[in-house]
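Numbering (this note's numbering), first residue to last: 1 to 236.
All residues carry an ideal CB built from backbone N, CA and C; glycine is no exception.
Bear in mind that the values here come from a model prediction, so they are computed numbers and not experimental data.
Presented below is the structure to which this report refers.
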Amino acid sequence: MKRKTALLDLDGTLLPIDIDEFTGNYFTLLREEFADTFAGDKFIGNLMLATKSMIENDGAKSNKEVFVEHFFALMESDNREEIMRRFDLFYLEKFPRLGADIKENPLSRRLVKGLKEKGYQLVLATNSLFPIQALKERLRWANVDPDDFVLITDYETMHYSKPNINYYREILQLLDLQPEYCLMIGNDVQEDLVAVRLGIKTFLVTDYLINRTGEEPQCHWQGSLEELLKYFQILE
Ligand SMILES: [Mg+2]
């Protein structure tokens with residue numbers, strides 16, 4: 001399909017957060033929530049290992065299936081249904097608290113609306129490690145409407161994660177897209193710019209730049225979110 005499509009990253013791109021600080025607060029809240037059931041250090045350690053297994057997913061199962069399989073094996077728990085129900089409730093009831101200290105960048109909403117007005121369909125190309133409820137909640141922190149996206153890459157839908165190139169291949173296949181009509185907008189040199197290998201154009205947003213290796217970014221364009229809006233003539 002030749003429809004112009006913009007793939008937008010969330011953390012550090014649309015949502016102005018320091019990912020390490022956010023992750024710390026998130027684990028603290030989860031640890032409290034499950035304090036009556038799991039020992040804290042083992043719980044968080046195994047959550048991280050199960051998350052790593054999603055990042056290494058070879059595509060045979062959904063990321064959620066891989067997470068559930070690894071997490072419950074590591075915890076030596078067979079109480080899957082009840083625990084997964086509690087995770088779902090956590091994302092609905094407690095997770096929203098983490099947004100209290102996060103201030104939206106008003107440019108994010110303008111970018112989303114502006115790209116749509118210019119005829120782009122939008123994909124939320126955030127790493128596919130979370131349930132849909134958590135991703136929609138974080139979009140709301142950015143004051144961005146989840147309904148503006150034709151696809152949100154949640155852990156139930158996706159079979160790969162960034163920086164696996166197959167994550168981007170799966171998006172192209174799901175929406176029947178041609179890479180030359182797509183552009184990826186993100187803040188992470190390793191996770192987001194890998195899309196260029198499929199022929200997707202890439203825009204590196206530098207406000208919350210992540211570059212683990214210090215390599216020279218290979219992208220079509222780079223600049224701040226404000227400069228990005230000017231590039232698309234959304235801001236004059
Ligand atoms: Mg990011």
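For ligand 1, list every residue whose C-beta falls under 6 Å from any of its heavy atoms, going in chain order.
-> D9, D11, G12, T13, G186, N187 and D188
V150: buried (16+ other C-beta within 10 angstroms of its C-beta) or exposed?
-> exposed
Cut-off 8 Å between Cβ atoms - residues of its own chain near L74, not counting five sequence neighbours on either side | N46, L49 and A50
What's the C-alpha gap between E81 and S53?
-> Rounded to whole angstroms, E81 to S53 spans 20 Å at the Cα level.
Looking at Y120 and T5, is the spacing between their C-beta atoms short of 8 Å?
-> A contact, by the Cβ cut-off of 8 Å.
Going straight from the alpha carbon of T157 to that of K61, what length do you get?
-> 10 Å
Counting only the same chain and skipping the five closest in sequence on each side, list residues whose C-beta sits under 7 Å from that of P179.
-> L172, L198, G199 and I200
Give every residue of the same chain whose Cβ lies closer than 7 Å to the Cβ of L193, excluding the five residues on either side of it in the sequence, and list them in chain order.
-> Residues T202, L204, P217, Q218 and C219 of the same chain have their beta carbon placed closer than 7 Å to that of L193, with the five preceding and five following residues left out of the count.
What are the boundary residues of the alpha helix (DSSP H) that includes T51?
-> G40 to I55
Extent of the continuous alpha helix (DSSP H) to which K201 belongs | From DSSP, K201 is part of no alpha helix (DSSP H) but of the beta strand (DSSP E) over K201 to V205.
Could you give the residue range of the beta strand (DSSP E) that holds G223?
-> W221 to G223
With DSSP run on the structure shown, which of helix, strand or coil describes I210?
-> strand
Just mark E117 as buried or exposed, buried being the case when its beta carbon has 16 or more other beta carbons within 10 Å.
-> E117 sits exposed, since fewer than 16 C-beta atoms from the chains shown fall within 10 Å of its C-beta.
Would you kindly check if the distance between the Cβ of N79 and the Cβ of H159 is under 8 Å?
-> no
Would you be able to state if there are at least three C-beta pairs under 8 Å between the segment 129-140 and the segment 28-41?
-> no
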